[in-house]
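Residue numbers (our numbering), protein chains in the order written: chain C, 1 to 243; chain G, 244 to 486. Yeah, the Cβ is synthetic: ideal placement off N, Cα and C, and Gly gets one too. Input: a single structure, listed below in structure tokens.
Written out as structure tokens, the structure reads:
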């Protein structure tokens with residue numbers, strides 16, 4: 001079975017200008033990994049209609065699921081809905097269920113900014129969760145999530161059961177060695193286990209280890225055998241510990 | 244004068260799988276903002292030759308400067324040099340100056356993994372800094388930086404004087420209000436100051452403020468006048484403080 005694939009589009013001048021450090025991408029990456037979905041791209045773009053539309057046109061047909069983060073509030077710089085609609089060639093419409101929810105929550109003081117929150121690309125589904133005031137908006141295979149980290153996480157967790165495929169199994173070897181002295185053992189292990197996902201990550205200034213080797217596969221037995229193989233090839237004394 | 248533009252390509256399965264949280268993007272974003280360079284895209288892609296080549300083909304002609312982060316070590320998953328070379332339609336060659344530096348540092352125990360570190364796309368420049376063992380590799384308008392945060396930062400700081408244009412001026416207003424109740428004042432301020440870069444960022448769970456409004460321009464006088472204008476329009480009591 002082919003892996004289910006995903007891409008993330010992060011929308012926000014505040015991230016490109018360094019005023020805000022995005023934390024949604026790493027959260028999404030970890031969640032998707034745990035669910036067995038392969039995140040293939042993370043793209044950060046400005047609050048710009050054409051940039052959003054272009055990204056949607058490129059990613060929507062290419063990946064099984066696309067997530068957007070940011071740009072869904074009530075102010076002038078919140079243009080994600082319009083950008084996605086443009087990318088899909090759809091109109092922006094008021095979603096009746098969201099509108100009635102907002103009218104109920106806000107009451108008589110409702111204004112244009114409140115109603116902007118009910119806008120969706122035509123044809124969108126809304127997924128109401130029991131414990132959330134505001135629904136998740138989905139159009140085609142795109143989930144439109146807010147940039148505020150607390151809400152992004154809450155909504156993503158509500159989507160878990162829709163996304164789950166089967167997880168990766170991860171083993172780790174911590175080594176006290178330079179990468180250049182172990183490259184040959186990694187190559188040899190990859191030749192013996194060609195389906196293995198093998199990563200090598202040097203760390204500076206850590207007193208415990210110098211390189212972390214990650215071994216991954218959706219087949220638990222396979223990754224364990226590969227670990228055993230690698231450990232048997234590495235020179236004595238290099239291994240700090242395995243996980 | 245048109246802003247100098249930049250894009251960043253982050254290369255690494257470890258980031259897409261959530262095993263490592265990238266910190267280079269936000270560092271680059273802040274540095275570039277301080278230098279007056281407009282970062283337009285951050286793209287995270289896997290350790291995949293075609294993905295790297297495609298990103299290079301798209302971004303290299305489009306932006307004034309392109310930075311890559313990651314994939315330049317000696318192991319099997321370090322394929323950034325080959326990917327950039329493929330994107331530019333160049334060969335990979337050993338750079339004589341880097342090679343001789345490595346031979347001097349490593350001595351007789353030199354191996355293929357060490358020499359891999361001397362590979363560059365044909366036509367690359369190397370920028371040796373006095374206090375750094377390893378040079379910065381530049382090919383066309385692409386700076387090829389390592390993913391290890393400490394070294395990424397060190398090299399980027401060494402590039403500062405090459406990149407500087409003129410900085411943005413930033414003012415901030417912290418408000419105790421919902422975004423929906425201030426959207427109209429932001430729109431009005433933008434109408435009066437159309438060149439202003441205006442951002443609105445809600446914060447949950449902060450006892451001091453609910454929304455942070457950022458005002459930016461390369462013209463200090465302009466941004467100060469816009470701030471004064473916005474403050475004069477906002478209802479009394481809403482403003483927590485300005486910066």
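Taking residue 8 of chain C as the reference, give the member of C/32, C/17, C/100, C/14 with the closest Cα.
C/32
For residue 363 of chain G versus residue 382 of chain G, is the C-beta distance shorter than 8 Å?
yes
What are the residues in the stretch 246 to 269 of chain G lying within 9 Å of chain C by C-beta distance?
251, 253, 255, 256, 257, 258, 259, 260, 261, 262, 263, 264, 265, 266, 268, 269
When the Cα of residue 40 of chain C is compared with those of G/412, G/445, G/291, G/455, which residue comes out closest?
G/291
Output the residue ranges of the beta strand (DSSP E) runs that lie fully inside the stretch 56 to 139 of chain C and measure 3 residues or longer, sorted by chain position.
Taking only runs of at least 3 residues, the beta strand (DSSP E) segments lying wholly in the stretch 56 to 139 of chain C are 65 to 69, 92 to 94, 119 to 121, 125 to 127, 136 to 139.
Listed from N- to C-terminal order along the chain, which residues in the stretch 23 to 52 of chain C have their beta-carbon within a distance smaller than 7 Å of any beta-carbon of chain G?
26, 29, 30, 33, 39, 40, 41, 42, 43, 44, 45, 46
Rounded to whole angstroms, what's the CA-CA distance from residue 159 of chain C to residue 100 of chain C? Just pull it up for me.
23 Å
Please confirm if residue 307 of chain G has its CB atom under 8 Å from at least one CB of chain C.
no
Pull up the distance between the alpha-carbon of residue 60 of chain C and that of residue 142 of chain C, whole angstroms please.
7 Å
Determine, for residue 480 of chain G, whether the minimum Cβ-Cβ distance to residues of chain C falls below 8 Å.
Chain C has no Cβ within less than 8 Å of the Cβ of residue 480 of chain G.
Contacting residues, own chain, Cβ-Cβ under 6 Å from residue 249 of chain C (five flanking each side not counted)
Only positions 1 to 243 of chain C appear in the structure, and residue 249 of chain C is not among them; the question remains open.
Extent of the continuous alpha helix (DSSP H) run through residue 439 of chain G:
Where residue 439 of chain G is concerned, there is no enclosing alpha helix (DSSP H), given that its DSSP letter is neither H nor E.
For the stretch 309 to 331 of chain G, list every residue whose C-beta sits within 9 Å of some C-beta in chain C, in sequence order.
316, 317, 318, 319, 320, 321
Is it true that the stretch 311 to 331 of chain G meets the stretch 352 to 370 of chain G, where meeting means three or more beta-carbon pairs spaced less than 8 Å apart?
Yes, they touch.
Strictly under 8 Å for the Cβ-Cβ distance: is residue 163 of chain C near chain G by that measure?
No, residue 163 of chain C does not count as interfacial toward chain G.
Under the three-state DSSP convention, the category residue 431 of chain G falls into:
Helix at residue 431 of chain G.
Listing by chain order, which chain C residues have their CB less than 7 Å from the CB of residue 391 of chain G?
202, 204
DSSP beta-bridge partners for residue 444 of chain G?
G/455
Per DSSP, what are the beta-bridge partners of residue 162 of chain C in this structure?
Paired residue(s): none; residue 162 of chain C is not in a bridge.
Would you decide whether residue 112 of chain C is buried or exposed? Buried here means 16 or more other CB atoms lie within 10 Å of its CB.
exposed
Using CA coordinates, which residue listed in C/149, C/182, C/89, C/46 is at the minimum distance from residue 236 of chain C?
C/182
Drop a sphere of 10 angstroms on the beta-carbon of residue 314 of chain G, count the other beta-carbons inside from all chains shown, and report buried for 16 or more, exposed for fewer.
Residue 314 of chain G comes out buried.
Does residue 220 of chain C come out as helix, strand or coil in the three-state DSSP assignment?
Three-state DSSP puts residue 220 of chain C in a helix.
Three or more C-beta pairs below 8 Å linking the stretch 430 to 449 of chain G and the stretch 296 to 311 of chain G:
no
Is residue 457 of chain G close to chain C? Criterion is C-beta to C-beta, closer than 8 Å.
yes
For residue 338 of chain G, decide whether its Cβ has a neighbour in chain C, counting only Cβ atoms nearer than 8 Å.
Look at residue 338 of chain G: its C-beta is not under 8 Å from any C-beta on chain C.
For the stretch 104 to 115 of chain C, enumerate the residues whose C-beta is nearer than 7 Å to any C-beta of chain G, in chain order.
111, 113, 114
Please look up how many angstroms separate the CB atoms of residue 393 of chain G and residue 204 of chain C, rounded, as I've assumed it's under 8 Å.
A Cβ-Cβ separation of about 5 Å places residue 393 of chain G in contact with residue 204 of chain C under the 8 Å criterion.
Test: residue 187 of chain C CB closer than 8 Å to a CB of chain G:
Residue 187 of chain C counts as touching chain G.
Let me see if you follow: with CB-CB separation under 8 Å, is residue 433 of chain G close to chain C or not?
yes
Listed by chain order, chain D residues near residue 217 of chain C by CB distance under 8 Å
No chain D appears in this structure, whose protein chains are C and G.
Short of 7 Å Cβ to Cβ, which residues in the stretch 393 to 423 of chain G face chain C?
393, 422, 423
Would a C-beta distance cut-off of 8 Å place residue 145 of chain C and residue 133 of chain C closer than the cut-off?
no
Looking only at its chain, what residues have a beta carbon closer than 8 Å to the beta carbon of residue 196 of chain C, apart from the 5 residues adjacent to it on each side?
Counting only Cβ-Cβ distances below 8 Å, and skipping sequence neighbours, we find 189, 190, 215, 216, 217, 222, 223, 226.
Measuring alpha carbon to alpha carbon, tell me which residue in G/272, G/311, G/254 is nearest residue 18 of chain C.
Distance from the Cα of residue 18 of chain C is smallest, within the candidate group G/272, G/311, G/254, for G/272.
What do you reckon, are the CB atoms on residue 4 of chain C and residue 37 of chain C nearer than 8 Å?
yes
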